[in-house]
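Here the structure is laid out as structure tokens; the discussion comes afterwards.
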Amino acid sequence: MPDALPVPASVIEDLRRARRKQRVAEIHWIDALYQVYLVGIVVVVVLAVISGAIGDGKLDHAGIERVRLDGPAWIGMAAALALFIGLRSGSRGGPLAVEAADVRHVLMAPVDRAAALRGPALRQLRFAAFASGCTGAAAGLFASKRFAENGLAWVACCALCAMTIAAIGYGAALFASSRRLPRWLATLVGGVLVIWAVADLAATSAPMAPSSTVGMIAVWPLDFRPLGIAPVVLAIVLIVTGLFGIAGLSLEAAERRTALVGQLRFAVTLQDLRTVLVLRRQLAADLPRNRPWIPALRKPGRARMPSWQRGWRGVLRWPVPRLVRLVALAVIAGFSLRAVWGGTTPMLVAAGLALWVAALDAIEPLAQETDHPGRRDSYPVVEGDLMVRHLGVPVVVMLVVTAGAAAVAVSGGHNSVDPQVMGIAFVPLAVAAVLGAATSVLMGAPKAVDELLIASPEIAGTRTVLRTVFPPLVACLATLPVLMARNPPKGSTASQAASTGVIVVTVVLVLCAGWIRFAADIRTWWDEAQQAAGMQSSRRPTAEEDDE
Amino acid sequence: MSDEDIPALEVSDLTKDYGDLIALHPLDLTIDAGSSVALIGHNGSGKSTLLRIVAGLLEPSDGEIEIAGWPIGSLEARATTSFLPDDPVLYDDLSVREHVEYVSRLHGGSGWDDYAESVVTKLGLIDRVDDLPSRFSRGLRQKTSIVLGLVRPFSLLLVDEPFVGLDASGRTAMMELLDEVHSDGASIVVATHEPSFVERVERSIALRDGEVIFDGRASAADVLSLVGA
Numbered sequence: 072m073p074d075a076l077p078v079p080a081s082v083i084e085d086l087r088r089a090r091r092k093q094r095v096a097e098i099h100w101i102d103a104l105y106q107v108y109l110v111g112i113v114v115v116v117v118l119a120v121i122s123g124a125i126g127d128g129k130l131d132h133a134g135i136e137r138v139r140l141d142g143p144a145w146i147g148m149a150a151a152l153a154l155f156i157g158l159r160s161g162s163r164g165g166p167l168a169v170e171a172a173d174v175r176h177v178l179m180a181p182v183d184r185a186a187a188l189r190g191p192a193l194r195q196l197r198f199a200a201f202a203s204g205c206t207g208a209a210a211g212l213f214a215s216k217r218f219a220e221n222g223l224a225w226v227a228c229c230a231l232c233a234m235t236i237a238a239i240g241y242g243a244a245l246f247a248s249s250r251r252l253p254r255w256l257a258t259l260v261g262g263v264l265v266i267w268a269v270a271d272l273a274a275t276s277a278p279m280a281p282s283s284t285v286g287m288i289a290v291w292p293l294d295f296r297p298l299g300i301a302p303v304v305l306a307i308v309l310i311v312t313g314l315f316g317i318a319g320l321s322l323e324a325a326e327r328r329t330a331l332v333g334q335l336r337f338a339v340t341l342q343d344l345r346t347v348l349v350l351r352r353q354l355a356a357d358l359p360r361n362r363p364w365i366p367a368l369r370k371p372g373r374a375r376m377p378s379w380q381r382g383w384r385g386v387l388r389w390p391v392p393r394l395v396r397l398v399a400l401a402v403i404a405g406f407s408l409r410a411v412w413g414g415t416t417p418m419l420v421a422a423g424l425a426l427w428v429a430a431l432d433a434i435e436p437l438a439q440e441t442d443h444p445g446r447r448d449s450y451p452v453v454e455g456d457l458m459v460r461h462l463g464v465p466v467v468v469m470l471v472v473t474a475g476a477a478a479v480a481v482s483g484g485h486n487s488v489d490p491q492v493m494g495i496a497f498v499p500l501a502v503a504a505v506l507g508a509a510t511s512v513l514m515g516a517p518k519a520v521d522e523l524l525i526a527s528p529e530i531a532g533t534r535t536v537l538r539t540v541f542p543p544l545v546a547c548l549a550t551l552p553v554l555m556a557r558n559p560p561k562g563s564t565a566s567q568a569a570s571t572g573v574i575v576v577t578v579v580l581v582l583c584a585g586w587i588r589f590a591a592d593i594r595t596w597w598d599e600a601q602q603a604a605g606m607q608s609s610r611r612p613t614a615e616e617d618d619e
Numbered sequence: 047m048s049d050e051d052i053p054a055l056e057v058s059d060l061t062k063d064y065g066d067l068i069a070l071h072p073l074d075l076t077i078d079a080g081s082s083v084a085l086i087g088h089n090g091s092g093k094s095t096l097l098r099i100v101a102g103l104l105e106p107s108d109g110e111i112e113i114a115g116w117p118i119g120s121l122e123a124r125a126t127t128s129f130l131p132d133d134p135v136l137y138d139d140l141s142v143r144e145h146v147e148y149v150s151r152l153h154g155g156s157g158w159d160d161y162a163e164s165v166v167t168k169l170g171l172i173d174r175v176d177d178l179p180s181r182f183s184r185g186l187r188q189k190t191s192i193v194l195g196l197v198r199p200f201s202l203l204l205v206d207e208p209f210v211g212l213d214a215s216g217r218t219a220m221m222e223l224l225d226e227v228h229s230d231g232a233s234i235v236v237a238t239h240e241p242s243f244v245e246r247v248e249r250s251i252a253l254r255d256g257e258v259i260f261d262g263r264a265s266a267a268d269v270l271s272l273v274g275a
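As they're listed, the protein sequences go chains S and Z. Read left to right, the first sequence gives residues 72 to 619 (the numbering used here). Read left to right, the second sequence gives residues 47 to 275 (the numbering used here).
If you want it as structure tokens, here you go:
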């Protein structure tokens, strides 16, 4: 054992610096310049789009009052979400994703772990502060166009507000990680704050949510309330406490996280939704139960409907977090439908997305068949037929989830949806979510080498957008009956309008189901046709053809 | 109590569960300083879990562990324990020699020295010391990992499945290195399916479903009857 423990932090810093230098030396300046160029283009396009959408007309008195009164609650919602995400991430070993080899060789060595981890944490924090500060300043610049007050004040306050939100999220993650906050406690605390923020936003009678104090910073140019200083202090306290206790990081969580985060980033780059979903579950330790909720189902069953039985066996092993997530998504979908009914049409996207995300969990048996094509192809069953058989259980599951959403949507109070309309829209909503999710999984990740990309980047780009947007769009489309019933045409009732919407949705769903059944056949036919065309073009002409 | 009387490893009431799956039942274990122990058992019996908890990579659900009198995870325990995992985890951008220098210095060592050179030579890696292990085969990566576990000071060596992925010469070198380390006074705990290794150690502990089912000196035949290897 070395006499002096711990080994000085300067040793780690020296070694890390040498590695960093080596890595930087390997980056070609052209590559670095290209990265800057890409980021620049994205920033300019985003700013142009936002600028166009916001406009620069001055707000009237009523508008200014609305911003002053409601603005803090809306921005507070973002702060509450940042805190929730931060706490959850920290309870799972975040926010740092330490290199796997560093976990094994540095953190297991007799070095001061706090010294070893503080550097990477500060670098992450620096980037988060810079990115959020820039975003906030840009938002402030847009805001200043619409208010009479000093533009610089808007830029400064919005930048500070955004940095506070980022710091609260990051600090919460550091704090939860260093104190090894149990996952249930992190979810509970974060969840309560988010619910409080939602209540503050939705009802004027609700007490002000703590997160709304963050929003006060952004509207300081209109109304300076000193309470806004509190979240800034809280953010600093969280970060300092987290940095001091950073050595408390769990190696088990760090090692699991480090192995998955790299893969997760790669899967996101490849737009491989299924892989992202599977890795996220592993990261959250959202794994199936060892024993099903109903033990009787462990007995061997009859082989008459194996896909149906397999589906239920999977569902009955769902862990508690997944069940809670489905309930939460049902509630979100229900409230979103109420908002659509109340006149906020864009909320149909939230309703459709919530059900689609829930369905991504429900179609797990089908997704697992696509994860292992070799195993799937070994079954003496036509691929499309097998996929259709796997849709039964998810549809039943989603009928239950949608029933929950419908219950929230029709329960009394402001913007309550007409129960008759909800009854008509209920089944299409559930089926559309399942078919949308199944389409998304069956489409898979885009090919690394795409023939269309080579032929025409414009076509390939459009196809990529369609691939990404189409599956959730199917789920969103299913809200059409509710939307149509909201303002029925003259001479027809809300139920009649909803029924008309159902007919339109049913046509889309039939086409979708058909695609799921025949997608494999179509793909095979297309590949064969391409192969034949390729062979024809690459075939050398015969002597007779040459003569001709 | 003199230093020699302090056990190399003391485990009390150790349990590990993953939700409703119990990996280790309450386990009590004492390993004397300077002893050599083989951990045997079926796949999933809890050998790797036990070693990873002792190494500090997994957290126990309950119970206490002390390494040479120090709680796991403490600086002293980390300085005392070397863990050779069955899954080599290495840096992508460092050569074997750079790995050795890095790890050795993190443990207060001087970097590449005669001992490192002799270990690398024994494992047949001497011609590859300036190559990146990220381009190595599984076996060569395993050998690199072994080197890293040995080139630093320790008094307790935990080894998980050391012979997996090694060729015949690698296995022989590994056996010799373990003997050498033990004769130098370190305690070694090796999880293995290798019956021949069991005959070289003073004590064998057999695990089944996270419980100790045998603790004593065992022969290769005993191993077969205990774990059906």
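Glycine is no exception: its CB is placed at the ideal position from the N, C-alpha and C atoms. Quantities reported herein were computed from a predicted structural model and do not represent experimental measurements.
How long is the line joining the alpha carbons of residue i and residue j, rounded to whole angstroms?
| i | j | result |
| --- | --- | --- |
| Q380 of chain S | V452 of chain S | 16 angstroms |
| L298 of chain S | R151 of chain Z | 50 angstroms |
| A252 of chain Z | A153 of chain S | 48 angstroms |
| R251 of chain S | R87 of chain S | 27 angstroms |
| A549 of chain S | V498 of chain S | 9 angstroms |
| D173 of chain S | L193 of chain S | 17 angstroms |
| R32 of chain S | V472 of chain S | Outside the shown range of chain S, which is 72 to 619, sits residue 32 of chain S, and nothing can be said about it. |
| P73 of chain S | H153 of chain Z | Only weak support exists for where P73 of chain S lies, its pLDDT of 47 falling under 50; the value from the coordinates is given anyway. Their Cα atoms are separated by approximately 7 angstroms. |
| A89 of chain S | A96 of chain S | 11 angstroms |
| A600 of chain S | G515 of chain S | 21 angstroms |
| P77 of chain S | A301 of chain S | 38 angstroms |
| I125 of chain S | F182 of chain Z | 56 angstroms |
| V269 of chain Z | L70 of chain Z | 20 angstroms |
| L320 of chain S | D432 of chain S | 30 angstroms |
| L272 of chain Z | I68 of chain Z | 21 angstroms |
| L314 of chain S | E163 of chain Z | 39 angstroms |
| G405 of chain S | F155 of chain S | 22 angstroms |
| V578 of chain S | A584 of chain S | 10 angstroms |
| F246 of chain S | D183 of chain S | 18 angstroms |
| S201 of chain Z | G161 of chain S | 34 angstroms |
| T416 of chain S | R409 of chain S | 10 angstroms |
| R254 of chain S | A151 of chain S | 17 angstroms |
| G382 of chain S | D176 of chain Z | 52 angstroms |
| L136 of chain Z | R187 of chain Z | 8 angstroms |
| R611 of chain S | H176 of chain S | Residue placement at R611 of chain S is poorly supported in this model, since its pLDDT is 47, which falls under 50; the coordinates still yield a value, given next. R611 of chain S and H176 of chain S: Cα-Cα distance of roughly 59 angstroms. |
So what does residue i bridge to, in DSSP terms?
| i | result |
| --- | --- |
| P117 of chain Z | Z:E112 |
| E56 of chain Z | Z:T76 and Z:E112 |
| I86 of chain Z | Z:A252 |
| F20 of chain Z | Given a span of 47 to 275 for chain Z in the structure shown, any question on residue 20 of chain Z remains unanswerable. |
Which chain Z residues are close to residue i, counting only those with a beta carbon under 9 angstroms from its beta carbon?
| i | result |
| --- | --- |
| V502 of chain S | Residues of chain Z passing the Cβ test: none, with the nearest at roughly 33 angstroms. |
| A86 of chain S | Sequence inspection shows Leu at residue 86 of chain S; the Ala mentioned does not correspond to that position. Under the 9 angstroms cutoff, chain Z gives E147, Y148, R151 and L152. |
Along chain Z, which residues have their Cβ under 8 angstroms away from the Cβ of residue i?
| i | result |
| --- | --- |
| S321 of chain S | E105 |
| Q93 of chain S | D139 |
Note down, in chain order, every chain S residue with its Cβ under 8 angstroms from the Cβ of residue i.
| i | result |
| --- | --- |
| V149 of chain Z | H176 and A180 |
| L67 of chain Z | N361 |
Residues of chain S with CB closer than 9 angstroms to the CB of residue i, please, in chain order.
| i | result |
| --- | --- |
| D261 of chain Z | Residues of chain S passing the Cβ test: none, with the nearest at roughly 27 angstroms. |
With hydrogens ignored, establish whether the beta-carbon of residue i is closer than 7 angstroms to any heavy atom of the ligand HEM.
| i | result |
| --- | --- |
| P166 of chain S | This structure simply doesn't include the ligand HEM, nor any ligand for that matter. |
Chain Z partners of residue i, CB-CB under 7 angstroms?
| i | result |
| --- | --- |
| R352 of chain S | Residues of chain Z passing the Cβ test: none, with the nearest at roughly 14 angstroms. |
Fill in: At least three beta-carbon pairs within less than 8 angstroms, the segment 326 to 339 of chain S to the segment 269 to 283 of chain S
Three or more beta-carbon pairs separated by less than 8 angstroms are not found between the segment 326 to 339 of chain S and the segment 269 to 283 of chain S, which leaves the two stretches without contact.
Item to complete: Note down, one range per segment and in chain order, each alpha helix (DSSP H) of at least 4 residues found wholly within the segment 299 to 377 of chain S.
Response: Considered as a whole, the segment 299 to 377 of chain S harbours 300 to 315, 322 to 340 and 344 to 354 as its complete alpha helix (DSSP H) runs of no fewer than 4 residues, in chain order.
Discussion item. When you compare the segment 314 to 328 of chain S with the segment 163 to 174 of chain S, are there three or more beta-carbon pairs, one atom per stretch, that lie closer than 8 angstroms?
Written reply: yes
Fill in: Stretch pair the segment 236 to 255 of chain Z + the segment 77 to 84 of chain Z: three plus CB contacts closer than 8 angstroms
yes
Worksheet item: Within the chosen definition, does the segment 459 to 475 of chain S reach the segment 419 to 438 of chain S through at least 3 CB pairs nearer than 8 angstroms?
Response: yes
Worksheet entry | Continuous alpha helix (DSSP H) assignments of at least 4 residues falling wholly in the segment 138 to 172 of chain Z | 142 to 152 and 160 to 168
Practice prompt. Flag this pair as touching only if the segment 152 to 168 of chain Z and the segment 197 to 208 of chain S have three or more C-beta atom pairs under 8 angstroms; answer yes or no.
Written response: No, the segment 152 to 168 of chain Z does not touch the segment 197 to 208 of chain S.
Discussion item. Contact between the segment 256 to 264 of chain S and the segment 105 to 123 of chain S is defined here as three or more beta-carbon pairs at a separation below 8 angstroms; is this criterion met?
Written reply: Output reads no: the segment 105 to 123 of chain S does not touch the segment 256 to 264 of chain S.
Worksheet item: Hey, is the segment 113 to 127 of chain Z in contact with the segment 255 to 266 of chain Z, meaning 3+ C-beta pairs nearer than 8 angstroms?
Response: no
Discussion item. Below 8 angstroms, how does it come out for the segment 137 to 150 of chain Z and the segment 90 to 98 of chain Z: are there three or more Cβ pairs, yes or no?
Written reply: no
Discussion item. Runs of 4 residues minimum, wholly inside the segment 211 to 274 of chain S: which ones carry the alpha helix (DSSP H) assignment?
Written reply: If only uninterrupted alpha helix (DSSP H) runs of at least 4 residues are considered, those enclosed by the segment 211 to 274 of chain S are 222 to 249 and 254 to 273.
Item to complete: Answer yes if the segment 202 to 216 of chain Z comes into contact with the segment 228 to 241 of chain Z, meaning at least three C-beta pairs across the two stretches below 8 angstroms, and no otherwise.
Response: yes
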